[in-house]
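Colleague: The structure under discussion is supplied below as structure tokens; questions concerning it will follow.
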Amino acid sequence: MPQITYRHPDGTVDHVEVDTGISVMRAALENGVAGIVGECGGQAMCATCHVYVDDAAALPPIGDDEEEMLDCTATDRTDASRLGCQLRSGEHFSALAVRVPEAQV
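Residues in the sequence shown are numbered consecutively from 1, following UniProt numbering.
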């Protein structure tokens with residue numbers, strides 16, 4: 001079963017096991033992980049599921065919609081920035097560690 005590790009700015013960590021096909025955003029919302037909002041429900045239209053991926057280079061390239069929304073994040077965009085709604089377990093990773101930013105809105 002795929003696993004996502006969420007590291008929070010205060011140093012706390014959440015580990016979530018998910019079914020294949022579940023996004024980083026959906027897993028956070030369904031498991032009460034703080035700091036992920038997901039206002040648009042996973043449509044890559046709000047940037048409130050912004051995360052910093054520890055090994056972003058191992059993931060598929062950023063698509064056009066995601067690229068546009070990453071320019072609208074509440075916290076600074078870096079090379080590690082991705083939208084959690086665009087990263088699906090099993091399809092893009094079997095284990096993933098992400099850092100949750102200080103703010104989403």
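Ideal placement from N, C-alpha and C gives every residue a C-beta, glycine not left out.
Do T48 and V37 have their CB atoms nearer than 7 Å?
Modeller: yes
Colleague: DSSP three-state label for V24, please.
Modeller: helix
Colleague: Do you know whose CA, among V13, D10, P9, G42, lies nearest I22's CA?
Modeller: I22 has its Cα closest to that of G42, out of V13, D10, P9, G42.
Colleague: Please state the DSSP three-state secondary structure of A56.
Modeller: It is helical.
Colleague: Smallest Cα separation from A44: which of C85, A58, V51, T78?
Modeller: Closest by C-alpha distance to A44, out of C85, A58, V51, T78, is C85.
Colleague: Can you give the Cα-Cα distance for V18 and L70, rounded to whole angstroms?
Modeller: If you take the alpha carbons of V18 and L70, they lie about 25 Å apart.
Colleague: How would you label A57, buried or exposed, when you count the other beta carbons within 10 angstroms and need 16 or more for buried?
Modeller: exposed
Colleague: Can you list, in chain order, the residues of its chain with a C-beta nearer than 8 Å to that of V13? Leave out the 5 residues immediately preceding and following it.
Modeller: T5, Y6, R7
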